[in-house]
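A.B. asks: I am attaching a structure below and will ask some questions about it afterwards.
2 protein chains.
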Amino acid sequence: MRKRVSIKDVAREAGVSVTTTSYVLSGKKDARISAETARIVKETAERLHYVPRMSARTMINQKSKLIGVIIPQTGSSSHLMFSNPFYGEFLSAVEYTIRQNGYHLLISGTGPNQDYSSIAQMRELDGIIILGTYPCSFLDEMKTTGIPVVLVDAYVDDHYFHTVSINDRHGGYLATKYLIDNGHTRIAFVSEALRDYGVHMQRFRGYQDALKEAGIGLDEKCLYTCDVSYDSSYELAPEIIARGNGETAAFVTADIMALGLINGLKSIGVSVPDDISIIGFDDVPLATMCLPQITTVHQDITKKGSTAAEIVIEAVEGGPKRDVILPLYIVERDSVRRLEPQELAKGLSICS
Amino acid sequence: MRKRVSIKDVAREAGVSVTTTSYVLSGKKDARISAETARIVKETAERLHYVPRMSARTMINQKSKLIGVIIPQTGSSSHLMFSNPFYGEFLSAVEYTIRQNGYHLLISGTGPNQDYSSIAQMRELDGIIILGTYPCSFLDEMKTTGIPVVLVDAYVDDHYFHTVSINDRHGGYLATKYLIDNGHTRIAFVSEALRDYGVHMQRFRGYQDALKEAGIGLDEKCLYTCDVSYDSSYELAPEIIARGNGETAAFVTADIMALGLINGLKSIGVSVPDDISIIGFDDVPLATMCLPQITTVHQDITKKGSTAAEIVIEAVEGGPKRDVILPLYIVERDSVRRLEPQELAKGLSICS
DNA sequence: TGGCACTGGTGAAACGCTTCAGCAACGTGG
DNA sequence: CCACGTTGCTGAAGCGTTTCACCAGTGCCA
């Protein structure tokens, strides 16, 4: 394999200096180059298939035109970071937006002993998009690098970071209120293990808000935890029934979990929404592909991705601090049933 | 923001030369460094949070430790490259394997006028994984760069490229034969538009093989085309019924399409598998999340991703040419119904 | 003709790192 | 005491770019 052609080769072949070649090819408008020379250089570069190397450019401008994305590892498996379709849609939007702006995307899942701030420095990333929540020490490290960071779906109160999110608390409130408005009073809350700064915590707060507003007491027995994955919530179904709390509805904080739960319940003879109503969160495409179609809190995942990408690029290019909150709303489908007044007293029949 | 610490800073602080510092930190065993000096240098580097820059290393070794992945844009949308859950699972496996080997992953979707060989050269990618099929000119360009390429799910007959695939033709054969063995003789074939070198073409060949073996003539009217997406196949449902070919079964060449079709049929009152049987391909997680659960041709997508990653890394490090064919098999679920002999004569009742 | 501005171009330094070649000091065997 | 190998370390070149500073030539005006 022969050596790759460098700017020197183009210069020699075109009969001009490296400096001139560089000026022509990098298209600086203030450089004084005659039209003829420019033509020759461009032609020569074309002919030799010259492609400038980013590594050399990076050394000089301290800009790599590379954006990093960090995606959380959900659950226990070490590399099923895409088990939730949410990530695919998000990533797709980020990649597209980044690319349209002349950047490229470097992705990394999260491992136990991965040092992301090192990766960021090693690769001289211009900016980073971080999805989900992480230990504060990690974010502190990121801060010291001085690289712009956009936090998505994380509630970290630090002026340094840009953020993109939805009002998860309000979403949780809306979901729960929707169930209440449909006559439910015993409402299970199913989510990932609650962590500070996480979206699930916020959605839980919203759940509490709606309960409180309706004068319904919080019953800790109605709180369930599982991984954000289909299988994990599927396996949760028997436990919910076994506990015998008589819930007539459940607010599940991710559609993928809602679907797992619905099918898990179905597998043990409990029907949604006949026996129990379920509302999800996210409105991933999956929510309409199954039966019953899932009533859920809609958020625009693609918009979330493209917004995060836009912000990080703006920040790289000197833009101001930004915090964007995207809208959200309930979309009514078939997984929630209206409870008639006379049913209220009875509670969930299968638990009687 | 202060200047980033470089190897010079470490050297000065540790009171040794840059050369010595480099030898210590890059851990060359043949370098002759006293234990004491090594200790001091390491300590200093740690204390200053020194992280070597890849761009500088890349210039010297001509190795970027960067692997690229190219994912096809499915359908007409410009950035829904993850509309098929297949990609997420594949990418996840690739990313994990790559990372475990000290590489990082650069991803790029496909755009209309994207020049990937330029990206590859610009970023000095060590290797590339290409998913799906592309115009030959594109592959030729990749070849001229001399960068190792692993083709996944593409039937290109060129010794230069490594490949990872399954026996799609055999898979198509098995799927079709399964339908035939269950008593079906009028069998629709639903796939993406057939292209040379593509997996769908191979699956079609398998479909033909099985038909021929069973003495069933190929009926062009039973061939349907749509995008590899849920929505596109959903919308195909009315057309299949409208054509009135009396198919009692369909072989759909991707699960996501199979699901779209099933639900599309359902929406117009046609039940799977009661009215029509459907077999899919891929066995994505989705296939078991819906009702009926989809009978399909299983392939190990995660394995496909990790294998592609392993091969590309091996190739980068001087490994031999490799062509891997992964196993596949039918997994029986609920979307195919056994047709009883007396039903054969009648054909599909709804079309009568 | 001298002074000056403008045009079109070049040389060389710099970015951060690796690595070759070489140097001084110190045994060690003859 | 010389020759030679070994140990521990360093100087400087070089990777492919960009960019600052400078230079030669030309035209123009006073």
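If you read the sequences in order, they're chains A and B. Read in order, the letters of the first sequence are residues 2 to 353 in my numbering. Read in order, the letters of the second sequence are residues 2 to 353 in my numbering. Every residue gets a Cβ at the ideal spot worked out from N, C-alpha and C, and that includes glycine.
Over what stretch of residues does the beta strand (DSSP E) that includes H105 (chain B) continue unbroken?
C.D. replies: Here residue 105 (chain B) is taken as the residue at index 104 of the second sequence, counted from 1. Note, H105 (chain B): beta strand (DSSP E), H105 to G110.
A.B. asks: Measuring only between beta-carbons, confirm whether E96 (chain B) sits less than 8 Å from chain A.
C.D. replies: For the purposes of this step, residue 96 (chain B) is taken as the residue at position 95 of the second sequence. So yes, E96 (chain B) belongs to the interface.
A.B. asks: Determine whether the beta carbon atoms of V153 (chain A) and A15 (chain A) lie at a separation below 8 Å.
C.D. replies: Within the first sequence, residue 153 (chain A) is the residue found at index 152, counting from 1. Within the first sequence, residue 15 (chain A) is the residue found at index 14, counting from 1. Contact flag unset, no.
A.B. asks: Rounded to the nearest angstrom, what separates R100 (chain B) and I279 (chain B) at their Cα positions?
C.D. replies: As a working note, residue 100 (chain B) is residue 99 in the second sequence. As a working note, residue 279 (chain B) is residue 278 in the second sequence. Spanning the two alpha carbons is a distance of roughly 39 Å.
A.B. asks: Quick one: is G110 (chain A) near chain B, going by C-beta distance under 8 Å?
C.D. replies: Start at 1 with the first residue of the first sequence, and residue 110 (chain A) comes out as number 109. Yes, G110 (chain A) counts as interfacial toward chain B.
A.B. asks: Within 8 Å (strictly less), CB to CB, does L1 (chain A) reach chain B?
C.D. replies: Shown here, chain A extends from 2 to 353; a query on residue 1 (chain A) therefore has no answer.
A.B. asks: Residues of chain B with CB closer than 7 Å to the CB of T59 (chain A), please, in chain order.
C.D. replies: Counting from one through the first sequence, the residue named residue 59 (chain A) turns up at place 58. Going along chain B in sequence order, the residues near T59 (chain A) (Cβ under 7 Å) are S56.
A.B. asks: Using a Cβ-Cβ cut-off of less than 9 Å, list which residues of the region 122–135 of chain A approach chain B; keep chain order.
C.D. replies: Those would be Q122, M123, R124 and E125, in chain order.
A.B. asks: Within this structure, are the beta carbons of V6 (chain A) and Y51 (chain A) separated by less than 8 Å?
C.D. replies: For the purposes of this step, residue 6 (chain A) is taken as the residue at position 5 of the first sequence. For the purposes of this step, residue 51 (chain A) is taken as the residue at position 50 of the first sequence. Yes, these two residues count as a Cβ contact at 8 Å.
A.B. asks: Along chain B, which residues have their Cβ under 7 Å away from the Cβ of L180 (chain A)?
C.D. replies: Working through the first sequence from its first residue, we reach residue 180 (chain A) at position 179. The premise fails here: L180 (chain A) is roughly 23 Å from chain B at the closest Cβ pair, so nothing lies under 7 Å.
A.B. asks: List, from N- to C-terminal side, the beta strand (DSSP E) runs of 3 residues or more that fit wholly inside the region 26–72 of chain B.
C.D. replies: Taking only runs of at least 3 residues, the beta strand (DSSP E) segments lying wholly in the region 26–72 of chain B are 67–72.
A.B. asks: Hey, how far is the Cα of E96 (chain B) from the Cα of G110 (chain A)?
C.D. replies: In the second sequence, the residue the question calls residue 96 (chain B) occupies position 95. In the first sequence, the residue the question calls residue 110 (chain A) occupies position 109. Near 7 Å, if we compare the C-alpha coordinates of G110 (chain A) and E96 (chain B).
A.B. asks: Identify the residues that DSSP records as bridge partners of D283 (chain A): which are they?
C.D. replies: On the first sequence, residue 283 (chain A) is found 282 positions in, with the first residue counted as 1. D283 (chain A) is bridged to A:H299.
A.B. asks: With a cut-off of 8 Å on the beta carbons, I'd call S56 (chain A) and E318 (chain B) a contact; round off their distance for me.
C.D. replies: Counting from one through the first sequence, the residue named residue 56 (chain A) turns up at place 55. Counting from one through the second sequence, the residue named residue 318 (chain B) turns up at place 317. With a Cβ gap of about 20 Å, S56 (chain A) and E318 (chain B) do not count as contacting.
A.B. asks: Is it the case that the region 122–137 of chain B contacts the region 147–161 of chain B, given that we only count it when at least three CB pairs across the two stretches are under 8 Å?
C.D. replies: Enough Cβ pairs lie closer than 8 Å, so yes.
A.B. asks: Can you give me the start and stop residues for the beta strand (DSSP E) that Y235 (chain A) sits inside?
C.D. replies: Position 234 of the first sequence, counted from the start, is the residue given in the question as residue 235 (chain A). Element bounds for Y235 (chain A): not the beta strand (DSSP E) but the alpha helix (DSSP H), Y231 to R244.
A.B. asks: Determine the extent of the beta strand (DSSP E) in which F252 (chain B) is found, giving its start and end residues.
C.D. replies: As a working note, residue 252 (chain B) is residue 251 in the second sequence. Counting along the chain, the beta strand (DSSP E) containing F252 (chain B) begins and ends at A250 to V253.
A.B. asks: Quick one: is V313 (chain A) near chain B, going by C-beta distance under 8 Å?
C.D. replies: Residue mapping note: residue 313 (chain A) aligns to position 312 of the first sequence, counting from 1. Judged by the 8 Å Cβ criterion, V313 (chain A) is not in contact with chain B.
A.B. asks: At the 8 Å Cβ level, is V52 (chain B) part of the contact set with chain A, yes or no?
C.D. replies: Position 51 of the second sequence, counting from 1, holds the residue named residue 52 (chain B). Answer yes: the Cβ-Cβ gap between V52 (chain B) and chain A drops below 8 Å somewhere.
A.B. asks: Leaving out the 5 sequence neighbours to the left and right, which residues in its chain are closer than 6 Å to C227 (chain A) when beta-carbon positions are compared?
C.D. replies: Within the first sequence, the letter at position 226 stands for residue 227 (chain A). So the list reads S233, S234 and L237, once near-sequence residues are dropped.
A.B. asks: When you compare only the Cα positions, how much space is there between G184 (chain B) and G172 (chain B)?
C.D. replies: Counting from one through the second sequence, the residue named residue 184 (chain B) turns up at place 183. Counting from one through the second sequence, the residue named residue 172 (chain B) turns up at place 171. C-alpha separation (whole angstroms): 19 Å.
A.B. asks: What would DSSP say about Y330 (chain A), mapped onto helix, strand or coil?
C.D. replies: As a working note, residue 330 (chain A) is residue 329 in the first sequence. Y330 (chain A) falls in the strand class under three-state DSSP.
A.B. asks: DSSP on S138 (chain B), reduced to helix/strand/coil?
C.D. replies: Residue 138 (chain B) sits at position 137 when you count from the first residue of the second sequence. S138 (chain B) falls in the helix class under three-state DSSP.
A.B. asks: Exposed or buried, which one is H80 (chain B) when buried takes at least 16 other CB atoms within 10 Å?
C.D. replies: As a working note, residue 80 (chain B) is residue 79 in the second sequence. Here the model assigns H80 (chain B) a pLDDT of 49, short of 50, so the residue's position is not dependable, and the following value carries that caveat. Under this definition H80 (chain B) is a buried residue.
A.B. asks: N264 (chain B) touches chain A at which residues, Cβ-Cβ below 8 Å?
C.D. replies: The residue labelled residue 264 (chain B) in the question sits at position 263 within the second sequence. In chain order: M290.
A.B. asks: Does I88 (chain A) come within less than 8 Å of chain B when only Cβ atoms are used?
C.D. replies: Translated into positions along the first sequence, residue 88 (chain A) becomes position 87. The residue asked about is misnamed: residue 88 (chain A) is Tyr in this sequence, not Ile. It does; some Cβ of chain B falls within 8 Å.
A.B. asks: At a Cβ cut of 7 Å, what residues of the region 228–245 of chain B count as close to chain A, listed as they run along the chain?
C.D. replies: Listed by position along the chain: Y231.
A.B. asks: Would the beta-carbon of L212 (chain B) fall within 8 Å of that of T177 (chain B)?
C.D. replies: Here residue 212 (chain B) refers to the residue found at position 211 of the second sequence. Here residue 177 (chain B) refers to the residue found at position 176 of the second sequence. For L212 (chain B) and T177 (chain B), yes; Cβs fall inside 8 Å.
A.B. asks: Beta-carbon separation of L266 (chain B) and I277 (chain B) under 8 Å?
C.D. replies: Counted from its first residue, the second sequence places residue 266 (chain B) at position 265. Counted from its first residue, the second sequence places residue 277 (chain B) at position 276. In contact: L266 (chain B) and I277 (chain B) (Cβ atoms closer than 8 Å).
A.B. asks: Would you give the residue range spanned by the beta strand (DSSP E) that T164 (chain A) belongs to?
C.D. replies: Numbered from 1 along the first sequence, position 163 holds the residue referred to as residue 164 (chain A). Element bounds for T164 (chain A): H163 to I167.
A.B. asks: When burial is assigned at 16 or more other CB atoms within 10 Å of the CB, is S268 (chain B) buried or exposed?
C.D. replies: Locating residue 268 (chain B) in the second sequence gives position 267, counting from the first residue. Its Cβ having fewer than 16 others within 10 Å, S268 (chain B) is exposed.
A.B. asks: For the region 292–311 of chain A against the region 330–343 of chain A, are there 3 or more C-beta pairs whose distance is under 8 Å?
C.D. replies: The region 292–311 of chain A, when compared against the region 330–343 of chain A, does touch it at the 8 Å Cβ threshold.
A.B. asks: To which residues does DSSP link S278 (chain B) through a beta bridge?
C.D. replies: Here residue 278 (chain B) refers to the residue found at position 277 of the second sequence. Bridge partners of S278 (chain B): B:A250.
A.B. asks: According to DSSP, what are the bridge partners of G128 (chain A)?
C.D. replies: Residue 128 (chain A) sits at position 127 when you count from the first residue of the first sequence. Partner(s): A:I68.
A.B. asks: Considering only their Cβ atoms, is the gap separating T254 (chain B) from S192 (chain B) smaller than 8 Å?
C.D. replies: As a position in the second sequence, residue 192 (chain B) is number 191, starting the count at 1. As a position in the second sequence, residue 254 (chain B) is number 253, starting the count at 1. For S192 (chain B) and T254 (chain B), yes; Cβs fall inside 8 Å.
A.B. asks: Going by the CB atoms, is the gap between M60 (chain B) and P53 (chain A) shorter than 8 Å?
C.D. replies: The residue labelled residue 53 (chain A) in the question sits at position 52 within the first sequence. The residue labelled residue 60 (chain B) in the question sits at position 59 within the second sequence. Cβ distance not < 8 Å, so P53 (chain A) and M60 (chain B) don't count as in contact.
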